[in-house]
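K.L.:
Under the working numbering, the first residue of the sequence shown is numbered 16, with each subsequent residue one higher.
Glycine is no exception: its CB is placed at the ideal position from the N, C-alpha and C atoms.
My questions will all concern the structure given below.
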Amino acid sequence: MTCNEKFLRSFIFYFMLNISVIDAQIISGKVTNDFGQPLLYTNISVLNSNTGTTTNEDGFYLLKLSQGSFKIVFSYLGYRNDTLNVNISNNIFLTKDIQLKSISLEMDVVYVFPTDLNIAEEIILRALYEKQNYLSNLKNYIYDAYTKSSLKVLKNDTLISAGLLQSLSKGYYRYPNDFQEVVLAKKQTNNFN
Numbered sequence: 016m017t018c019n020e021k022f023l024r025s026f027i028f029y030f031m032l033n034i035s036v037i038d039a040q041i042i043s044g045k046v047t048n049d050f051g052q053p054l055l056y057t058n059i060s061v062l063n064s065n066t067g068t069t070t071n072e073d074g075f076y077l078l079k080l081s082q083g084s085f086k087i088v089f090s091y092l093g094y095r096n097d098t099l100n101v102n103i104s105n106n107i108f109l110t111k112d113i114q115l116k117s118i119s120l121e122m123d124v125v126y127v128f129p130t131d132l133n134i135a136e137e138i139i140l141r142a143l144y145e146k147q148n149y150l151s152n153l154k155n156y157i158y159d160a161y162t163k164s165s166l167k168v169l170k171n172d173t174l175i176s177a178g179l180l181q182s183l184s185k186g187y188y189r190y191p192n193d194f195q196e197v198v199l200a201k202k203q204t205n206n207f208n
């Protein structure tokens, strides 16, 4: 379905929906950028009123107005606003396409400096401090360790389990650098080399 067909269907839907408003006049069209591409959801407002609309996903708009003279403003971020002056008389259907020109937006540089730590940063820093404090006071310790390892190999493009090793060990540490580990028990499958 082409854009014109979509627009026509949208128009018929809106017309049928609002058939009760006999004196409403219709202005429609398409809003595009410098390259002719549709500008989706462009803001369209009638000056000095609460009336307005936006373009659809294809850049088309439909605006109902009563009789009179109006200034319609088309605005889109990054584009220069355009104003359309229209005089509406009875029973008209007016089509006005609008092309908005892009502009460069120059903004002041904003610098953000953290002044306080968030809760997560405070917890992490406190944990690091406590760890260093704990380790500096630690002179001797003993630990038990249980280790389970498995060896997997690739055979005929299939990953298979080739062996299993389990061990129980006890470790001893005495300040400043005396470390020893004793294996208390070891169990392994026959094919583990």
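Find the nearest neighbour of Q66 within the set K163, T57 and L80, judged by alpha-carbon distance.
P.N.:
As a position in the sequence shown, residue 66 is number 51, starting the count at 1. One point to set straight first is that residue 66 is Thr, not Gln, in the sequence displayed. Taking only the C-alpha atoms, the option nearest T66 is L80.
K.L.:
Leaving out the 5 sequence neighbours to the left and right, which residues in its chain are closer than 6 Å to K154 when beta-carbon positions are compared?
P.N.:
Within the sequence shown, the letter at position 139 stands for residue 154. If you ignore the 5 residues before and after K154, its C-beta comes within less than 6 Å of the C-beta of Y190, all in its own chain and listed in chain order.
K.L.:
Over the uninterrupted beta strand (DSSP E) stretch that includes R189, give me the two end residues.
P.N.:
Counting from 1 along the sequence shown, the entry for residue 189 is found at position 174. Its beta strand (DSSP E) spans residues T173 to R189.
K.L.:
Taking the continuous beta strand (DSSP E) assigned at D156, which residues delimit it?
P.N.:
Working through the sequence shown from its first residue, we reach residue 156 at position 141. Position check: residue 156 holds Tyr in this sequence, whereas Asp was assumed. Element bounds for Y156: N155 to K170.
K.L.:
DSSP three-state call for N58: helix, strand or coil?
P.N.:
Residue numbering aside, residue 58 sits at position 43 when the sequence shown is read from its first letter. Three-state DSSP puts N58 in a strand.
K.L.:
Under three-state DSSP, which class holds Q52?
P.N.:
Along the sequence shown, read from residue 1 onward, the residue named residue 52 stands at position 37. Note: Q52 maps to coil in three-state DSSP.
K.L.:
Quick one: Cα of L174 to Cα of S165, how far?
P.N.:
As a first step, residue 174 is located in the sequence shown; it is residue number 159 there, counting from the start. As a first step, residue 165 is located in the sequence shown; it is residue number 150 there, counting from the start. Answer to the nearest angstrom: the Cα atoms are 12 Å apart.
K.L.:
Ordered along the chain, which non-local residues of its own chain (more than five positions away) have a Cβ less than 7 Å from that of L199?
P.N.:
The residue labelled residue 199 in the question sits at position 184 within the sequence shown. Same-chain partners within the cutoff: L183, S184 and K185.
K.L.:
Below 8 Å, can you find three or more Cβ-Cβ pairs linking the region 51 to 65 to the region 81 to 88?
P.N.:
yes
K.L.:
Indicate whether I59 and T47 have their beta-carbon atoms separated by less than 8 Å.
P.N.:
Here residue 59 refers to the residue found at position 44 of the sequence shown. Here residue 47 refers to the residue found at position 32 of the sequence shown. No, the Cβ-Cβ distance between I59 and T47 is not below 8 Å.
K.L.:
Are the beta-carbon atoms belonging to Y94 and K116 less than 8 Å from one another?
P.N.:
To locate residue 94, count along the sequence shown from 1; it is residue 79. To locate residue 116, count along the sequence shown from 1; it is residue 101. Contact flag set, yes.
K.L.:
Ignoring anything shorter than 3 residues or poking outside the region 72 to 158, list the beta strand (DSSP E) runs there in chain order.
P.N.:
Taking only runs of at least 3 residues, the beta strand (DSSP E) segments lying wholly in the region 72 to 158 are 75 to 80, 83 to 90, 97 to 103 and 108 to 110.
K.L.:
Is it the case that the Cβ atoms of G74 and L99 are separated by a distance below 8 Å?
P.N.:
For this step, residue 74 is matched to residue 59 along the sequence shown. For this step, residue 99 is matched to residue 84 along the sequence shown. No, these two residues do not count as a Cβ contact at 8 Å.
K.L.:
Going along the chain, which residues of its own chain have a beta-carbon closer than 6 Å to the beta-carbon of Q181, five neighbours each way excluded?
P.N.:
Taking the first residue of the sequence shown as position 1, residue 181 is located at position 166. Result list for Q181: K163 and K202, in chain order.
K.L.:
Between D131 and chain C, is the shortest Cβ-Cβ distance under 8 Å, so that the two count as touching?
P.N.:
The chain inventory of the structure shown lacks chain C, comprising one protein chain alone.
K.L.:
Alpha carbon to alpha carbon, what distance is there between T204 and V197?
P.N.:
Stepping through the sequence shown from its first residue, residue 197 is reached at position 182. Stepping through the sequence shown from its first residue, residue 204 is reached at position 189. Their backbone Cα atoms lie some 21 Å apart in a straight line.
K.L.:
Going by beta carbon distance, what residues of the same chain come within less than 7 Å of K111, once the five residues before and after it are set aside?
P.N.:
Residue mapping note: residue 111 aligns to position 96 of the sequence shown, counting from 1. Same-chain partners within the cutoff: I42, G44 and L99.
K.L.:
Taking the alpha carbon of I107 as the reference point, which residue from Q40, N171, E145 and N71 has its own alpha carbon closest?
P.N.:
On the sequence shown, residue 107 is found 92 positions in, with the first residue counted as 1. Nearest C-alpha to I107: Q40.
K.L.:
What would DSSP say about S43, mapped onto helix, strand or coil?
P.N.:
Residue 43 sits at position 28 when you count from the first residue of the sequence shown. In the structure shown, S43 adopts extended strand secondary structure according to DSSP, grouped into three states.
K.L.:
Just to confirm my understanding: we take E72, look at its own chain, exclude 5 residues before and 5 after, and list those with CB closer than 6 Å. What are they?
P.N.:
Here residue 72 refers to the residue found at position 57 of the sequence shown. Excluding positions up to five away in sequence, the list reads L55.
K.L.:
With a threshold of 6 Å on Cβ separation, who are the neighbours of V101 within its own chain once the five nearest residues in sequence on each side are excluded?
P.N.:
Along the sequence shown, read from residue 1 onward, the residue named residue 101 stands at position 86. Around V101: F85.
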